[in-house]
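Residue numbers (our numbering), protein chains in the order written: chain F, 243 to 336; chain B, 758 to 1742.
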Ligand SMILES: [Zn+2]
């Protein structure tokens, strides 16, 4: 079982969380072209090693998180809120 | 029958006699016995029949590696098959029986399989019944499926009761700094060291007693150790197996709470499934003694040397009188000595010729000899032996027992669960654990240490390693070197039989012989993983704990390689079997999943509702009067709504509060239709798309104030929509100042529909002026009060196509609201209606629900193109125009009538062209109902090209599952009041 250290709730079992997806995608503006959206939605790297991914603490504080996780060992290097304002709050609280 | 129990030996309680039944006969044992020790004491040698050949099998071991003595415990609904007799503690009244034999293990009719052995070699079943792939794959598979159940019966293990399990099981959780697996000298040393360094420690032991293999020593007493551990505050968990290691130092434990008790307290669970989250794991799981493959090495009376030591010193059972020990290592000599002291005549065959061992000469040592063949069938008559230099029968020794020690395999299983490959140690002829970056440390004989002092030292070193890794200390430490015997082990895995058709067993439980391994190699199965699957070597309950290394060594020899080059199979959890009951815990029956009810659930039931599950929700299905059937009832309810008025609980819809200055912009981006001009006091139906342009969900949003909306979603998609909105706000549109809050549980909702609905509501609201057609036009919203000063929200929304209102009150007022509405609806001959009538009403109107919006449908497919704004961009607006979603032959929403209006059809019917009834056809019917309004069956669904293409053509509805076929007419999905005059009334 992966244990994720939610910046708000603390370390919790992964079954409290839902997996989101690739956290490095910059979603294009809503009026962007079909081609740009196709790139953003369908093209994914299949990374062996550490990758940034989003997780939702759906059975917890409901925060969306960026988790840096190894796809090989499940080791987690860092966890931070997706929202920049929440990142600041978490930093100030430390 | 003579007992094998001897005086002055063992740690059993001879004052406490226990009676038990074995194969329908009564026997006696003592407190502290296992079923295996009690059977041996009662001189019962045959306890089972083997898997394929139905050969008589005895007890091979004294622990979890047992591959012979698998028995069935209990009866009726408490029948538990495939239990290892060697780990089942004896209790008064225990009922056990042998398996895999008819009529019993002593006389088994299928024993004839033993003589048909060549038909049952590796891969026999596959080759015979599955054909030769790929040519006969299809046919062979079908034949296999037909024969499989007979084969499984013939080659089966014990069978489950087939009855509901009467016992309860529990899931439990705990946390600690350090979990130590195994209570041998290494584990105990580690636990004590850690507790003294103030770590919070859990010590896990699969046995009923702590001590590990020390329990086989004649002078061992664990009481002092136990006191010490307890005084240090260590949590000791006996009868508990660490069956698996998982990510982030999570350990799975199975605690057998009552399996050793004759009449357990019914309020206590039978087993507990523990999830332990530790910071560090120390594994001192010990090592397992291997057997040796030679002809007839499975005859009852064959056992490992260490097992015999256990039976003597722990249970006071001398397992043989004339014992031959066959070995290749030093570990057997203490046991040989003790067995002869206890009165047995002992001969040791040691494959090594050149070694020194200190003995008191109470037994004979034959240097340079190996076992060659056992004579006997149900018991051992004698053993043919061979010189180890040149294999051939040299002489025969008269004996009643053969004890084997082919070396020891460290129990690296738990580490293997973490994907750490063990490394082969040539000096000790075993796999040793490799190092890992994870916080796991192996100690004791599970890292190949054979001396007790080394084990203790390794335990302390292990805890130092843990403290260092946890950042608590920075202390140097070292582990003792693997090994510890005076003389080196000489690898010995197989003694080859000179005659053909040998029965030299590698894996006792699955009847895999050395010949099977060679056959698999000849047929090209040279990878270990293929070998394993083809021969089923190591795939039985014991998972190859005894036989795997022998199989590997045979393969290495055949491939002319060394064992490490051949590799090892990966061990996966569980270490020992875990019952399905423990896995499911309390999540059985009605607790299988959460149950959601609306606040007026009881009110609905009290008013005659029959309920149906929608997702997790219980919703009213229909409200039958007297003897009404489902269809009588829903047809009456739907007609009543169209004629007068009906009331329906719609609380299960998802409800989300959307607040903040960015709310309007937010809704405008997530809905495909425009929301920027929605006025305060108005609601709008909206459709959300996914990023890829497919419809995600539909619902309404009510503008309650400038910056406040109340959104409803479908029942099934509520959670998904909520997560989606949060994702957008937290990851993509972080500059939008919007708050979303799920308020699904906070509001109770009801729909009042029908031409008389306004009149009913007039009588229920404080101020009837707020709901006039002027004040509350179609899609109008108001916040007002029901009589009795109950605050409520009312919107004029219609799903049925009639004049209709949705009314929401805080959940606590649900029953009061229902009483009030129902009392007044009755005055107009109104009704309560359920989901079935709701479905009928919406199908008549061609409204889509989850049955239609199944994740493949676009707005255009659903006939809702006008809901897609052309004046703005929104989620999915770019992608909904991509090529494949714009094809001409996409399936479009239509209505269906049976051509013969007296006919019926079902949802799931495949729509085909006449004369071309095959495959997926050209469409499908998704929802059907009897239409009270039209007086016949109607449906909605999808067809390629839509209404325009097929309105004048008769199509065919094919329903192969129900063996039904009917002609169809394609019509507009808006079958009633297409202009919507009723709902604007
Ligand atoms: Zn959280």
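Glycine included, C-beta positions come from ideal geometry on N, C-alpha and C.
Take residue 946(B), set aside five residues on each side of it, and the residues of its chain with a beta-carbon closer than 6 Å to its own are 1213, 1216, 1217, in chain order. Those residues that bring their Cβ nearer than 6 Å to a heavy atom of ligand 1 are 248(F), 250(F), 251(F), 299(F), 302(F), 303(F), 305(F). Residue 1697(B) and residue 1470(B) have their alpha carbons spaced roughly 22 Å apart. Following the DSSP letters along the chain, one finds residue 1510(B) inside the beta strand (DSSP E) bounded by residues 1504-1510. The three-state reading of DSSP puts residue 962(B) in coil, since its state is none of H, G, I, E or B. Look at residue 1630(B): its C-beta is under 8 Å from a C-beta on chain F. Residues of the region 1478-1495 of chain B with a C-beta less than 7 Å from any C-beta of chain F: 1480, 1483, 1484, 1487, 1488, 1489, 1491, listed in chain order.
In the three-state reduction of the DSSP assignment, residue 1234(B) falls in the coil class, being assigned neither a helical nor a strand state. Rounded to the nearest whole angstrom, the CA to CA distance from residue 263(F) to residue 320(F) is 16 Å.
The C-beta of residue 1708(B) has fewer than 16 other C-beta atoms within 10 Å across all chains shown, which makes the residue exposed. In the DSSP assignment, residue 1165(B) falls within the unbroken beta strand (DSSP E) covering 1165-1167. Close to chain B, meaning a Cβ-Cβ distance shorter than 9 Å, are the following residues of the region 318-335 of chain F: 318, 323, 324, 325, 326, 327, 328.
The residue among 1540(B), 1586(B), 1419(B), 1555(B) with its C-alpha nearest the C-alpha of residue 1604(B) is 1555(B).
Interface criterion met: the Cβ of residue 1634(B) is under 8 Å from a Cβ in chain F. Relative to the Cα of residue 1039(B), the nearest Cα in the group 1013(B), 1101(B), 958(B), 1066(B) belongs to 958(B).
In the DSSP assignment, residue 1207(B) falls outside any beta strand (DSSP E), carrying neither H nor E. The C-beta of residue 1449(B) comes closer than 8 Å to at least one C-beta of chain F. Ranked by Cα distance from residue 1509(B), the first of 1551(B), 1621(B), 839(B), 1348(B) is 1551(B). With respect to residue 1704(B), residue 1727(B) sits close: the two C-beta atoms are nearer than 8 Å.
Note on the region 1479-1505 of chain B: whole beta strand (DSSP E) runs with a minimum of 3 residues are 1496-1499, in chain order. At a C-beta separation below 7 Å, residue 262(F) has these neighbours in chain B: 1484. With respect to the C-alpha of residue 1261(B), the residue from 1271(B), 1255(B), 1267(B) having the closest C-alpha is 1271(B). Of the other Cβ atoms in all chains shown, fewer than 16 fall within 10 Å of the Cβ of residue 1025(B); this residue is therefore exposed. Under DSSP, residue 1714(B) forms a beta bridge with 1668(B), 1723(B).
The beta carbon of residue 1204(B) is closer than 8 Å to those of 1167, 1189, 1190, 1215, 1236, 1239 in its chain, skipping five residues each way along the sequence.
Rounded to the nearest angstrom, the Cβ distance from residue 821(B) to residue 830(B) is 16 Å, too far for a contact under 8 Å.
Neighbours of residue 296(F) in chain B, taken as residues at a C-beta separation under 7 Å, are given in chain order as 1488.
By the Cβ-count criterion, residue 1458(B) is buried, with 16 or more other Cβ atoms from all chains shown falling within 10 Å of its own Cβ. With a cut-off of 8 Å on Cβ pairs, the region 1042-1056 of chain B is in contact with the region 1303-1320 of chain B, counting three or more such pairs. The beta carbons of residue 1202(B) and residue 1044(B) sit closer together than 8 Å. Taking a C-beta distance under 8 Å as the contact criterion, residue 1617(B) and residue 1662(B) do not qualify as a contact pair. For residue 929(B), the closest C-alpha among the options 1029(B), 853(B), 981(B) is that of 1029(B).
Using a Cβ-Cβ cut-off of 8 Å, residue 316(F) is close to 1004, 1005 of chain B, given in chain order.
Cα atoms of residue 777(B) and residue 1062(B): separation of roughly 27 Å, rounded to the nearest angstrom. Only 1005, 1007 from the region 1005-1023 of chain B bring a Cβ to less than 7 Å from some Cβ of chain F. With a threshold of 16 other beta carbon atoms within 10 Å, residue 1143(B) meets it and is buried.
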